[in-house]
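2 protein chains.
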Amino acid sequence: MRGKKKIGFVPTMGAFHEGHLSLLRAAQRACDYQVVSLFVNPLQFGPEEDFDRYPRDLPRDRAWALANHVDLLFLPKADEIVPVDLETFVSVESLSRRWEGASRPQHFRGVATIVAKLFQIVRPDIAYFGQKDYQQATIIRQMVRDLYFDIKIKVMPTLREKDGLAKSSRNALLSHEDRAAATVLYRALCSVQQSIRAGTTDCHLLKKGIESIFKKEPRAQLDYAAFCDPNRLEPIRHVTGQAVLLLAAKVGSVRLIDNLLVRPHSAWRNAR
Amino acid sequence: MRGKKKIGFVPTMGAFHEGHLSLLRAAQRACDYQVVSLFVNPLQFGPEEDFDRYPRDLPRDRAWALANHVDLLFLPKADEIVPVDLETFVSVESLSRRWEGASRPQHFRGVATIVAKLFQIVRPDIAYFGQKDYQQATIIRQMVRDLYFDIKIKVMPTLREKDGLAKSSRNALLSHEDRAAATVLYRALCSVQQSIRAGTTDCHLLKKGIESIFKKEPRAQLDYAAFCDPNRLEPIRHVTGQAVLLLAAKVGSVRLIDNLLVRPHSAWRNAR
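So the protein sequences, as listed, match chains A and B.
Under my numbering, the first residue of the first sequence carries the number 1, and numbering increases by one thereafter.
Under my numbering, the first residue of the second sequence carries the number 1001, and numbering increases by one thereafter.
Below you can see the structure in the form of structure tokens.
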């Protein structure tokens, strides 16, 4: 198809949900041919992490791909992509050490390496990522720029359940009680949104608000709430322009992340 | 030219000599269009190394490229290839830690990163490297395999001066006396060749012979003499099949490397 058709690529770890569907739909709108890869990447899980219990349901995912008119469902074998003698790794240095990278030391090296390999195999025109994994999308953008991949990266908005919980394959791992508690991430984001609209720009104050919301939810443990510049992901002290709030928490035994793009109320007014 | 002509690529750091010419001639024999890049890669030099005094003579190199019918001499600017916000690095792990990598910790990460970038820009059909930098060529082969570069790697034999010294841009940095002493590397390789032909296969014994040759040359300091399997570069104890001897030494203030592919005399006979 290469060179004849515009190729859209959605790299996934399977356990498809509406978040994946929105990426696929975007690819279908913009491209002539869609490739969805399904590969639960062992390199992006730490030794103590949930690789073994990560949700897998290949028959269901195959049916989903068929029903949603995926042109090519790419199912590489683990020992093809990560052979025992794999020696070459791609890392996006300082961006990978912060936030999720601080909690998960080899995580983004694993992501970047496998996405680079998939990009080299598929060589798409456009690749689609979800905003839910904001730091991941930022790292992929940087890798594409640094290694001159001839690929356009599109980041699609986070889809949410009715109660606001960001759609994620890992939500399936939550117990009934933890599932209810997991809305704490979204509630924290909304409260920050409101505080900023009310004129608060001090990140320290905004963070205090987040912490007090988490304190009322004993099933959830906040890992970090970080206000950052949206490209370098360096921490900021005041929301003076476009910024991103990155949030990570453990709910029961499941680690969840979410994020929000914010800008000060005055900037909203100026933008009108 | 891409897709229409077969593109040959010779990545270099300039200061062209006959070694480069032999790579170019091989590209001209096999390809329709030749790209030679000239980029003194800052990432492959350690902080205490000879980046600043590495030989540079752009007018001479331009004339050389013209005289030798290079189709495209690619002269990227340092801040285009290594911008201040470069974050992405390619490393070929265990192969890069041994031998030259042990003496030059970030060297091969710098090589692999820049060669990956040049490969992505040029996207050649065939790329040419010299056997003189044996470990480098091995690492590039591994990177190409691991990251699915659609590029064939050709490694061309080392060219030598009349007295056996391997051609290298760094030879220009040798003083008159050190230039004479530098043949010690070739003399060591030849003596190993002879010992193996005489039936010696014990690498410890062969190494003793190398050390005694270096002891007679006070201007030269042996860094390592390593008998290895030719692909993984892991040390071996006996030359029982195809093997490579890697040699590194400092002559005066200049670090030189050389190598020799060897196999036991019996294997030679069996091969006939």
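Here a beta-carbon is modelled for each residue, glycine too, at the ideal position from N, C-alpha and C.
In this text the structure is predicted, and so the values were computed from the model without any measurement.
- Contact annotation: the stretch 208 to 222 of chain A does not touch the stretch 137 to 157 of chain A, with fewer than three C-beta pairs closer than 8 Å.
- Residue nearest to L245(A) within the set D163(A), Y134(A) and S266(A) is Y134(A) (criterion: CA-CA distance).
- When DSSP states are grouped into helix, strand and coil, A182(A) belongs to the coil group.
- Cβ proximity to chain A below 8 Å picks out A1116, K1117, Q1120 and I1121 from the stretch 1114 to 1134 of chain B.
- With the rule of 3 Cβ pairs closer than 8 Å, the stretch 1173 to 1181 of chain B counts as touching the stretch 1251 to 1258 of chain B.
- In the assembly as shown, P1083(B) is an exposed residue. Its beta-carbon has fewer than 16 other beta-carbons within 10 Å.
- By the 16-neighbour rule on beta-carbons within 10 angstroms, H1020(B) is buried.
- DSSP, read as helix, strand or coil, puts M13(A) in coil.
- Chain order gives the chain B residues near V92(A) as E1087 and T1088, where near means a beta carbon separation below 7 Å.
- Judged by their CB atoms, F1129(B) and A1116(B) are not nearer to each other than the 8 Å cut-off.
- Among the CB atoms of chain A, none fall inside 8 Å of the CB of Q1193(B).
- When DSSP states are grouped into helix, strand and coil, N171(A) belongs to the helix group.
- Boundaries of the beta strand (DSSP E) around Q1221(B): A1220 to C1228.
- Identification of chain B residues near F9(A) by a Cβ-Cβ cut-off of 7 Å yields none; the smallest Cβ-Cβ distance measures about 15 Å.
- Secondary structure at S1037(B): strand, using DSSP grouped into helix, strand and coil.
- Counting the other Cβ atoms within 10 Å of the Cβ of R1002(B) gives fewer than 16, which makes it exposed.
- Rounded to the nearest angstrom, the gap between the Cα atoms of D1032(B) and A226(A) is 54 Å.
- In this structure V36(A) touches L24(A) by the C-beta definition: roughly 6 Å separates them, less than 8 Å.
- Counting only Cβ-Cβ distances below 7 Å, L1246(B) has no contacts in chain A at all, with the closest Cβ about 18 Å away.
- Bounds of the beta strand (DSSP E) holding Y128(A) are I126 to G130.
- Around the beta-carbon of S1168(B), 16 or more other beta-carbon atoms lie within 10 Å, marking it buried.
- Minimum Cα-Cα distance from G1008(B) among the listed residues A1127(B), S1266(B) and L1075(B) corresponds to A1127(B).
- Beta bridge pairing from DSSP links I153(A) with A127(A).
- Taking the CA atoms as reference points, T201(A) sits about 48 Å from D1052(B).
- Look at Q28(A): its C-beta is not under 8 Å from any C-beta on chain B.
- Taking a beta-carbon distance threshold of 8 Å, D79(A) does not count as an interface residue toward chain B.
- In this structure, DSSP gives T1201(B) a state outside helix and strand, which the three-state scheme calls coil.
- Along the stretch 145 to 157 of chain A, the positions whose C-beta sits under 9 Å from a C-beta of chain B are R145, D146, L147, Y148, F149 and D150, read in chain order.
- Annotation for V92(A): F108, A112, I139, Q142 and M143 place their beta carbon closer than 7 Å to its own, counting only its chain and skipping 5 residues before and after.
- Looking from the CA of P11(A), the closest CA among L73(A), R60(A) and H69(A) belongs to L73(A).
- At least one C-beta of chain B is nearer than 8 Å to the C-beta of L95(A).
- In the structure shown, R1141(B) falls within a helical segment according to DSSP collapsed to helix, strand and coil.
- Neighbours of Q142(A) in chain B, taken as residues whose beta carbon is under 7 Å from its own, are E1087 and T1088 in chain order.
- Between D1150(B) and K1006(B) the beta-carbon gap is near 13 Å, outside 8 Å, which marks them as no contact.
- Per DSSP, the continuous alpha helix (DSSP H) segment holding V111(A) begins and ends at H107 to V122.
- For V1090(B) and K1207(B), the gap between their C-alpha atoms comes out near 33 Å.
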